[in-house]
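Chains as they are written, first to last, in the working numbering: chain A, 1 to 494; chain B, 1001 to 1473.
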């Protein structure tokens, strides 16, 4: 089942390149992926810590390298997110004028790479699958991008290439830090080695720093974030949905998967640095977001900003915070995909996303306005949406870390500043909503038409998932929590 | 039962036969000669898999200059495969050679164009087995002299002539360094055999300074072969001026042979820390120079020349960390992806040219060739699921195990540079549009060879075990 959901998009992409009808094949493939992910969710044994549906093929016995796939609660959540967003992105893509087959093949390659990375238990394939998305992203922005596409494509590609090579150095160092007899690329074996105390504290500090920089570049951690808004503004909407919604979660997933269980000593050493950087994401990038004059740039920066919350959850190293981070990763993936999809549709009709030129579009595009509004509320973190569940868990988890009655420590300060971030995101999201959909309708926009009924299906899917886990976050948390229970304590007392 | 020396004898006989056919059977179509050469080499390649490798210590008596260990057998196969692929490219390139001799008769010495690479191949195969400095020298010269002929083959073209002269003069100079180095080594140790030099170096009465000086001179000559900084100056002009299949041959065959010899001659000097520091320094310079100089190139042949310098830098990381397996794996990956890019270049450059802008819109004109070029470029850049990535993976693995921080830092930066200049080609093929829309024809044999190279590049990127097994001692 897991192998099917990894290779379904890749095989479909190869078929499309070989000449199969592009849109139909892509829709069938992503529909199958969605169905498979629901089946995996239904058949998942809740409350278990181990990986399920494990299959393994040995690649190199002397390197202990094997192609092993499987799911635990954490990776299941990510696979589910990837399947939903892929279906929505393919659905939104519509007809493409130039190289239609290549466009859909690139989309499916990104999706297959992301799912492969999430479902790999082997460190090597975990890394390699993520890179599968690099070249398709370059082509998607380069061929079908807009405006500043050339610079944006180069920037994202070089940034991500260097980031992932730094990450590779960290991963090799991690592999080598285990004594020769128990070396393995299998994450479970590494976890066993770490539990046995075989990774020295010194090595942990070095590896953790490399992972923070490597993953940080991929996640657009401040100050490595400048590639993200530009690329997201230039890329075609479906590519942005997949990249911002799914692929960027790879780095966060990697930190949760590797840094928390394997490198507790490294985390202790670098927590201060990480908290300062994530506050850069929340406060500095948040203020930059307010200053944006274009809808797509605003959304791009907002997605960078929200990474800060997820980092806060990871840095808090508490079970509440880490679980909240997963919930928020899932929710942010859905909401940012929804917002970019609507922005893409608006752009198709108006050919501009400059906020001052838009206005009153809600009158001619009521459904799009409603969908964007719901997405914006979700991104702000209003109760009822899954984002709220994630953020509140993160804030509770972070605030508890090192809590003393007498005085605030770094995490308490970070939580307070992070809460200010919620206000900041309310400012820019509502402002953008008002400038786009409210106010007086310009004469040039009178002829616009709303989303076709067919396009309302993926919107409903995304909003439905957001609301579903917003009202019933428990069902999500119950899947995710067991993955952390061994490594993190529920409640840190001073 | 086939023994290793018989392989080289078979290749030499094949070369002689092709030359005789060309000289006396004048009515034969020269394409037939090429097919005969390819078939013959393929037969030798098949035969080489039945050779049982012997240990290094079994090489005694008259055969003390010759070894048939696993590494040498592997490189004989490597040389044979390279030569076969280069010959396939040469068939595609034949019209260009013929055009460059407008006044002469139909044949224009094409038979020699197909025969000389066979002798180069024999030289490369001897080089893989050579463990005595005298024998290394002789086989090195066999390779170099046949390259003199090949590089300047289309001699009416001024650029080719310039390339030929440059290669001749600088190569002769490096040979002089090599011989001078051997005499110093001989003077210090009294030996030319590598194993006996190893023994002699452990003797405290041996003059280590003199031996090191001799070794440094030998390194100069080998640095010329593998295009390491500061002996790389000849590379861009010669690569650009030489006929394209010969460029491919130079950049793969000549470089691989240089690295095999380097791995062998360095072994006696492993215990000397000065040697490692020297090689680390050369690797750093080569990485920086090759990658930075490649950035602004607009001509694909020249770009590939600088990229071959850059890859020599990565290979030298492996040499500096004394990880033979990593170096050999990288060479195999390099063979696949470089020959793939040259195979596409040979076909496309006859239609348009060899600048990067001549590849504009190739994605439309020939999706097959564009895809082949895409795979070779991403592999050269080091994207996972291609052989090039695993090559870099093993190299960086060795460097990290040895904590060579300078090499790692520079390596990561240069990988970033590599992404830029290799993806420039991808950009031209897919982003840019062109006025020309006619399709580019690809003949069956080339299509087969290119497809095989694509499959091999991806296959080795996912499943490297066959190569690792072949190198296990």
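Ideal placement from N, C-alpha and C gives every residue a C-beta, glycine not left out.
Problem - Inter-stretch contact at 8 Å, needing at least 3 Cβ pairs: the segment 1190-1198 of chain B / the segment 1159-1177 of chain B - result: no
Exercise for the section: Please name the residue, chosen from 1206(B), 1361(B), 1308(B), 1002(B), that lies closest to residue 1331(B) on a Cα-to-Cα basis. Expected result: 1308(B)
Handout entry: DSSP-derived helix/strand/coil call for residue 492(A)
Key = Residue placement at residue 492(A) is flagged as unreliable, the pLDDT there being 44, under the threshold of 50; the coordinate-derived value follows with that caveat. If DSSP states are grouped into helix, strand and coil, residue 492(A) belongs with coil.
Exercise for the section: Have a look at residue 276(A) and residue 220(A) and give me their C-alpha separation to the nearest angstrom. Expected result: 14 Å
Problem - Contacts that residue 1396(B) makes with chain A (C-beta to C-beta distance below 9 Å) - result: 165, 168, 169, 172
Practice task
Verify the CB distance criterion: does residue 354(A) have a CB-CB separation below 7 Å to chain B?
Solution key: no
Handout entry: Same chain, Cβ closer than 6 Å to residue 1249(B), neighbours up to 5 away in sequence not counted
Key = 1086
Handout entry: Residues of the segment 112-140 of chain A with Cβ closer than 9 Å to any Cβ of chain B, in chain order
Key = 124, 125, 127, 128, 129, 130, 131, 132, 134, 135, 138, 139
Handout entry: chain B within 7 Å of residue 142(A), Cβ atoms only
Key = yes
Practice task
Kindly confirm or deny that the segment 1350-1364 of chain B and the segment 1392-1404 of chain B touch, where touching means at least three C-beta pairs closer than 8 Å.
Solution key: no
Practice task
Decide if residue 420(A) is buried, meaning its Cβ has at least 16 other Cβ atoms within 10 Å, or exposed.
Solution key: exposed
Exercise for the section: Please go through the same chain and pick out, in chain order, the residues whose beta-carbon is closer than 8 Å to the beta-carbon of residue 1415(B), but skip the five residues on each side of it. Expected result: 1381, 1382, 1392
Practice task
Check whether the Cβ atoms of residue 65(A) and residue 185(A) sit closer than 7 Å, and answer yes or no.
Solution key: yes
Exercise for the section: Can you tell me which of the three DSSP states residue 64(A) falls into? Expected result: coil
Handout entry: Nonlocal neighbours in the same chain, by C-beta distance under 8 Å from residue 493(A), ignoring five residues either side
Key = Reliability fails at residue 493(A), whose pLDDT of 40 lies under 50, so the model's placement of it is uncertain and no value is given.
Handout entry: Within-7 Å CB hit, residue 1380(B) to chain A
Key = no
Problem - Neighbour flag for residue 1383(B) against chain A, beta carbons, 7 Å - result: yes
Exercise for the section: Return helix, strand or coil for residue 1190(B), following the three-state DSSP convention. Expected result: coil
Problem - Cβ shell of residue 4(A) (< 7 Å), same chain only, five flanking positions each side left out - result: 36
Handout entry: Run of the alpha helix (DSSP H) containing residue 409(A), from where it starts to where it stops
Key = First-last for residue 409(A): undefined, no H or E at that position.
Exercise for the section: Tell me, please, which residues DSSP counts as bridged to residue 1066(B). Expected result: 1130(B)
Problem - Option nearest residue 1176(B) by Cα separation, candidates 1194(B), 1140(B), 1295(B) - result: 1140(B)
Exercise for the section: Return the CA-CA distance between residue 123(A) and residue 258(A), expressed in angstroms with no decimal places. Expected result: 9 Å
Exercise for the section: Indicate whether at least one CB of chain D lies closer than 7 Å to the CB of residue 1148(B). Expected result: Protein chains in the displayed structure are A and B, and chain D is not among them.
Exercise for the section: Could you please tell me which residues of the segment 224-240 of chain A, in chain order, have their CB closer than 7 Å to any CB of chain B? Expected result: none
Exercise for the section: Check the Cβ of residue 162(A) against every Cβ in chain B and list those closer than 9 Å, keeping chain order. Expected result: 1412, 1413, 1415, 1416, 1419
Problem - Short CB-CB distance (under 7 Å) between residue 14(A) and chain B - result: no
Exercise for the section: Could you spell out where the alpha helix (DSSP H) holding residue 284(A) opens and where it closes? Expected result: Run containing residue 284(A): none; DSSP gives neither H nor E here.
Practice task
If I'm right that residue 504(A) touches residue 418(A) with Cβ under 8 Å, what's the distance once you round it to whole angstroms?
Solution key: No answer is possible for residue 504(A): the residues shown for chain A start at 1 and end at 494.
Practice task
Measure the alpha-carbon distance for residue 1004(B) versus residue 1051(B) and round it to whole angstroms.
Solution key: 6 Å
Problem - Span separating the alpha-carbon of residue 117(A) from that of residue 433(A) - result: 35 Å
Exercise for the section: Would you decide whether residue 1365(B) is buried or exposed? Buried here means 16 or more other CB atoms lie within 10 Å of its CB. Expected result: buried
Practice task
Kindly list, in the order they appear in chain A, the residues whose Cβ is closer than 7 Å to that of residue 1427(B).
Solution key: 142
Exercise for the section: Verify the CB distance criterion: does residue 204(A) have a CB-CB separation below 7 Å to chain B? Expected result: no
Practice task
Within 10 angstroms of the Cβ of residue 468(A), are there 16 or more other Cβ atoms? Answer buried if so, exposed if not.
Solution key: exposed
Handout entry: Rounded C-alpha distance that separates residue 1144(B) from residue 1224(B)
Key = 11 Å
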